[in-house]
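Peer 1:
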Ligand code: FES
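Residue numbers (the working numbering): 48 to 169.
(1) Taking all protein chains shown into account, decide if residue 75 is buried (16 or more other Cβ within 10 angstroms of its Cβ) or exposed.
(2) Per DSSP, which residues does residue 73 bridge with? Please list them.
(3) Relative to the ligand FES, is the shortest distance from any of its heavy atoms to the C-beta of residue 68 smaller than 7 Å?
(4) Do the stretch 52-63 and the stretch 111-128 meet, that is, are 3 or more Cβ pairs less than 8 Å apart?
(5) May I ask which residues mark the beginning and end of the beta strand (DSSP E) holding residue 142?
(6) Does DSSP put residue 83 in a helix, a strand or coil?
(7) Near residue 123, which residues of its chain fall below 6 Å by C-beta distance, leaving aside the five closest residues on each side in sequence?
(8) Please determine if the stretch 125-145 and the stretch 76-84 are in contact, where contact requires at least 3 C-beta pairs separated by less than 8 Å.
(9) Shortest alpha-carbon distance to residue 88 belongs to which of 65, 106, 125 and 108?
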């Protein structure tokens, strides 16, 4: 568990996949209603799959690490495949099971929730 927490803290300090995609096919900004932390996602599609995905945001270590890892994980996936992702997949990416900590679940899930809203509104 500690090595995974180290990874989460490291991604908070030095995020991966952070930035914007000016000509993104999917753009969505939304908030975690329980704390006000914010994530924007940008996705560029090519041939029915995610060619690139980036995020911007301000939030706790778990939400920012989740965004870094999720943007990396969705590259090469179809939107249907992303639609099937849920809590289990996010916990696997983070390497921690937060299921007994409801407020942290919201942190971890924020990027995927924002991405799924963006896909729906596309
Ligand atoms: Fe706001 Fe984690 S405390 S997303």
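Glycine is no exception: its CB is placed at the ideal position from the N, C-alpha and C atoms.
Peer 2: Straight from the coordinates:
(1) As a position in the chain shown, residue 75 is number 28, starting the count at 1. It is buried - the Cβ of residue 75 has at least 16 other Cβ atoms within 10 Å.
(2) Position 26 of the chain shown, counted from the first residue, corresponds to residue 73. Answer by DSSP bridge pairing, in chain order: 90.
(3) Locating residue 68 in the chain shown gives position 21, counting from the first residue. Not so, every heavy atom of the ligand FES lies at least 7 Å from the Cβ.
(4) yes
(5) Locating residue 142 in the chain shown gives position 95, counting from the first residue. First-last for residue 142: undefined, no H or E at that position.
(6) As a working mapping, residue 83 is identified with position 36 in the chain shown. Coil.
(7) For the purposes of this step, residue 123 is identified with residue 76 of the chain shown, where counting begins at 1. Closer than 6 Å at the Cβ level, and outside the excluded window around residue 123, lie 96.
(8) These segments do not touch.
(9) Here the question's residue 88 lines up with position 41 in the chain shown. With distances taken between Cα atoms, residue 88 lies closest to 65.
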